[in-house]
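What follows is one structure encoded as structure tokens, with my remarks underneath.
Number of protein chains: 2
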Amino acid sequence: MAKPPSKVRNRLRRERAISEQHTSKAQVSIRDGLQTKETVSFGPLEDLFGYQLRRAWTVLRKDFTASVEGLGLRHLSFSLLSLISDNPGINQGRAGKVLDIQRPNMVALITELTDRGWVERRKDPEDRRALALFLTDDGQRILTEGFARIEQHESLLLASLSEAEKAVLFDMLKRISAPRIES
Amino acid sequence: MAKPPSKVRNRLRRERAISEQHTSKAQVSIRDGLQTKETVSFGPLEDLFGYQLRRAWTVLRKDFTASVEGLGLRHLSFSLLSLISDNPGINQGRAGKVLDIQRPNMVALITELTDRGWVERRKDPEDRRALALFLTDDGQRILTEGFARIEQHESLLLASLSEAEKAVLFDMLKRISAPRIES
DNA sequence: TATTGTTATACTCTATAACTATA
DNA sequence: TATAGTTATAGAGTATAACAATA
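These protein sequence lines map, in sequence, to chains A and B. Residues 102 to 284 in the working numbering are what the first sequence spells out, letter by letter. Residues 102 to 284 in the working numbering are what the second sequence spells out, letter by letter.
Structure, rendered in structure tokens:
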């Protein structure tokens with residue numbers, strides 16, 4: 102069952118063709134030549150938190166892509182692998198809730214990971230609707246390799262921040278994204 | 102010229118149908134009922150900067166969408182309007198470079214803004230390849246209204262941070278996303 | 001030759017409605 | 001009735017190659 106998702110197959114196929122287009126150039130070049138051609142004014146845009154956060158996230162996203170090149174990981178599949186590794190047997194719905202991924206979007210994601218042989222879906226004997234998720238040995242290997250590469254890249258990216266600054270930054274980001282449970 | 106981009110037309114049409122689905126619920130609920138069903142372990146994922154940044158950006162993105170509902174703004178079109186407002190006559194390529202938007206992706210973006218009557222494209226008499234961008238009065242009005250709403254939402258979102266913390270946060274984000282000009 | 005804007009195209013991520021099989 | 005997973009679909013953002021007009 103479950104029609105072969107061509108997108109996943111295509112991704113798997115495409116991967117073989119990737120060589121080394123860009124190594125690690127996450128720069129945002131504003132220069133047009135040797136000189137900055139015109140000065141650009143940002144105005145109040147620069148003072149919006151959303152704008153700064155988007156810019157920073159863009160840098161991190163590109164850096165992530167460069168760091169895991171060739172592994173077949175995207176940031177969503179990577180975070181999902183990591184979550185399954187730390188919570189063997191977790192089901193799709195719960196994993197999606199925790200990572201803020203909609204239920205329908207989990208399907209293709211998990212399918213891709215099982216197609217790659219990194220994750221197993223097993224019927225939960227206690228609730229025959231649910232599917233329990235487990236990492237394979239290959240999945241664990243990819244995850245470990247991914248973590249190593251990403252941590253190395255991140256440490257370079259954050260080299261300009263002190264340990265204390267990093268701690269403050271993490272704390273603030275968590276406070277912003279922490280689930281606001283109300284009623 | 103320029104075939105009518107159906108996506109833009111669809112968006113404009115769709116807009117009229119939007120009423121009030123969600124008012125401002127940018128919460129990430131982890132709860133399934135009254136009790137947290139199972140405890141989930143995040144492991145080293147929580148210590149990755151990229152992960153935390155993605156989570157925070159997701160919160161901001163949803164909050165942005167809620168705050169400008171009904172105005173027809175997305176975060177890209179909003180930042181573009183703002184840039185044009187502060188740099189009248191800037192051309193597409195330069196605006197795209199500054200905002201880190203690929204050249205081809207600028208086309209539909211600008212087309213949408215001109216279709217809405219918020220931006221004018223004028224041939225640059227000094228370089229007949231280039232198009233200079235200007236805001237219309239309507240564009241300026243929408244931008245002003247957008248800023249007012251977004252700033253209000255952001256102040257609520259960042260209410261848990263002190264002014265000093267916000268300053269530090271902005272400084273760090275800027276240091277991370279600052280263009281790294283090398284050679 | 002190089003650059004501006006453009007078209008075509010593809011991939012990733014996000015989001016909603018509706019279905020199925022179980023509970 | 002409600003929930004877990006699924007299908008279909010659409011919108012939004014990002015990315016590359018190739019072209020015409022102009023520099």
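Backbone N, C-alpha and C fix where the C-beta goes; we use that ideal spot for every residue, glycine too. Predicted, not measured: the structure shown is a model, and the values here were computed from it.
Contact set between residue i and chain B, taken where Cβ atoms lie within less than 8 Å
i        : result
A:THR159 : ASP201, SER278
A:ILE251 : LEU149, GLY151
DSSP three-state assignment for residue i, whether helix, strand or coil
i        : result
A:LEU52  : Beyond the ends of chain A as shown, which are 102 and 284, falls residue 52 of chain A; an answer cannot be given.
B:GLU221 : strand
A:PHE235 : strand
A:ASN206 : helix
A:GLU266 : helix
B:MET273 : helix
Whether residue i touches residue j by CB criterion (7 Å)
i        : j        : result
A:LEU146 : B:SER186 : no
A:SER278 : B:ARG156 : yes
B:ASN188 : A:SER183 : no
A:MET273 : B:LEU270 : yes
B:ARG229 : A:SER261 : no
Same chain, Cβ closer than 6 Å to residue i, neighbours up to 5 away in sequence not counted
i        : result
B:MET207 : GLN193, GLY197
A:ASP225 : ALA231, ALA233
A:PHE165 : HIS176
Option nearest residue i by Cα separation, candidates the options
i        : options                                : result
A:PHE235 : A:GLY247, A:GLY218, A:GLU246           : A:GLY218
B:GLY247 : B:LEU177, B:SER168, B:GLU139           : B:SER168
B:ARG223 : B:GLY190, B:SER142, B:THR245           : B:GLY190
A:THR140 : B:SER178, B:LEU177, B:VAL199, B:TYR152 : B:VAL199
A:LYS163 : B:GLY151, B:ILE251, B:ASP239           : B:GLY151
B:ASP239 : B:THR159, B:TRP158, B:GLY173           : B:GLY173
A:LEU149 : B:ARG229, B:ARG250, B:SER263           : B:ARG250
A:GLU221 : A:ARG229, A:THR237, A:ASP228           : A:THR237
B:LEU214 : B:LEU244, B:GLY144, B:GLU227, B:ASP228 : B:LEU244
Contact set for residue i: own chain, Cβ-Cβ below 7 Å, skip 5 residues either direction
i        : result
B:LYS267 : LEU259
B:LEU154 : none
A:ARG204 : GLY194, GLY197
Chain-order list of residues whose beta-carbon lies under 8 Å from that of residue i (same chain, five-residue window excluded)
i        : result
B:LEU210 : LEU177, SER178, LEU181, ILE202
B:GLN253 : SER168
Per-residue contacts from residue i into chain A (C-beta, under 8 Å)
i        : result
B:VAL169 : Those do not exist, as B:VAL169 stays about 11 Å from chain A at its closest Cβ, beyond 8 Å.
Closer than 9 Å at the beta carbon, the chain B residues around residue i
i        : result
A:VAL269 : GLU266, VAL269, LEU270, MET273
A:GLU139 : ASN188, ILE191, ARG195
A:LEU262 : MET273, ARG276, ILE277
Within chain B, the residues that residue i reaches when beta carbons sit closer than 7 Å
i        : result
A:ARG155 : TRP158, HIS176
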